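Visitor:
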Amino acid sequence: MRHFRVKRGQIVMSFKPFEADLLIEFFGQVRALLLERAAEIGQSTAYAEDPSDETALLAALESSMRPVPPPTDAVLARLLPSGRRDVAPSSGESAVEFRRFTESDLRERKVQDATTAENLMRDAQEISLDDAQVLLRALNDVRLSLGTRLDVDEETPYPRKITTDHDQALAIYFWTGGVQEQLLDALMSIDEDV
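555 is the number that our numbering gives the last residue of the sequence shown; the numbers go up by one with no jumps.
Here is the structure:
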């Protein structure tokens, strides 16, 4: 089934209700995991929600000065990667500094993408190019999360039979890849028309 087609410069989405519900659930799980990370390291999103809140501004400034440890959860480590992966003696300090300056913005953007993607799946049939980009990023985060939890690599085959929960989860992982590819194809066809 084609989930995306182009009509008059817009992308039209078509999902069965259970497919939309599944994606909404995954977007919500990614968002919840990212918000848990913010709470874990003591970073509030209150200032982003209300820029006039002076207390939240001071808390945001204070938290931006503290070092941010890398996530211990494998999915979060994949969603919020370190700036350096080498083993040079100084890489640890620079990776911590990189994370301190970048993680909060990256995490907040991913939370916003997941929220927007949920709303699009609930409410939209036609989406703009900007919304399609957001949905593409949110789908990528879902696939990164699923792939990490399932320990997927380039050799992982599509399950021949769905006999276990792991097989079902793998089938969903591959299905989300197909959805992502269809959306990318729709975006590229609009790009070619411009």
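Every residue gets a Cβ at the ideal spot worked out from N, C-alpha and C, and that includes glycine. Because the structure is a prediction, the values reported are computed rather than measured.
Pop quiz: A478 and F388 are said to be a contact at Cβ under 8 Å. What is the actual Cβ separation, rounded to whole angstroms?
Guide: Confirmed, about 5 Å.
Visitor: If contacts are defined as beta-carbon pairs under 8 Å, then R504 and Q529 qualify, I think. What distance do you get, rounded to the angstrom?
Guide: In fact, because the Cβ distance is near 16 Å, the residues do not count as touching under 8 Å.
Visitor: State the DSSP-derived secondary structure class of M549, mapped to helix, strand or coil.
Guide: Three-state DSSP puts M549 in a helix.
Visitor: Among all the DSSP beta bridges, which residues are the ones paired with R366?
Guide: DSSP lists V373 as partners of R366.
Visitor: Since I believe Q494 is in contact with F365 (beta carbons under 8 Å), could you give me their beta-carbon distance rounded to a whole number of angstroms?
Guide: About 13 Å; that fails the 8 Å criterion.
Visitor: Terminal residues of the continuous alpha helix (DSSP H) containing D491?
Guide: Taken as a continuous stretch (DSSP letters only), the alpha helix (DSSP H) holding D491 covers 490-510.
Visitor: So, at 8 Å on beta carbons, what are the nonlocal neighbours of K567 in its own chain, with the 5 sequence-adjacent residues on each side left out?
Guide: Here the chain has residues from 362 to 555 only, and residue 567 is not among them.
Visitor: Would you say the beta carbon of S489 is closer than 8 Å to some non-hydrogen atom of the ligand COA?
Guide: As presented, the structure is devoid of all ligands, the ligand COA included, so that no description of it is given.
Visitor: Could you tell me whether the Cβ of V472 comes closer than 9 Å to any Cβ of chain D?
Guide: The structure shown contains no chain D, having only a single protein chain.
Visitor: Suppose the cutoff is 6 Å on Cβ atoms and the five residues either side in sequence are ignored; what does the same chain contact list for N480 look like?
Guide: For N480, where only same-chain residues beyond five positions count, there are no Cβ hits under 6 Å.
Visitor: Is it true that the CB of M374 sits closer than 9 Å to the CB of M549?
Guide: Not closer than 9 Å, so no.
Visitor: Ignore the nearest five residues each way along the sequence and tell me which others in I523's own chain have a CB closer than 7 Å to its CB.
Guide: Closer than 7 Å at Cβ, skipping near neighbours: Q529, A532.
Visitor: Tell me whether E515 sits in a helix, a strand or coil according to DSSP, three-state version.
Guide: Residue state, collapsed to three classes: coil.
Visitor: Should S413 go down as buried or exposed, given a rule of 16 or more other Cβ atoms within 10 Å for buried?
Guide: Counting Cβ neighbours within 10 Å, S413 comes out exposed, since fewer than 16 surround it.
Visitor: Beta-carbon within less than 7 Å of L384's beta-carbon, same chain only, minus the 5 sequence neighbours each way: which residues are those?
Guide: Around L384: M482.
Visitor: Do you know offhand how far Y534's Cα is from D526's?
Guide: Roughly 12 Å separates the two Cα atoms.
Visitor: Got a sec? Which residues, its chain only, sit under 6 Å from A435 by beta carbon, not counting five neighbours each side?
Guide: Contacts found: T509.
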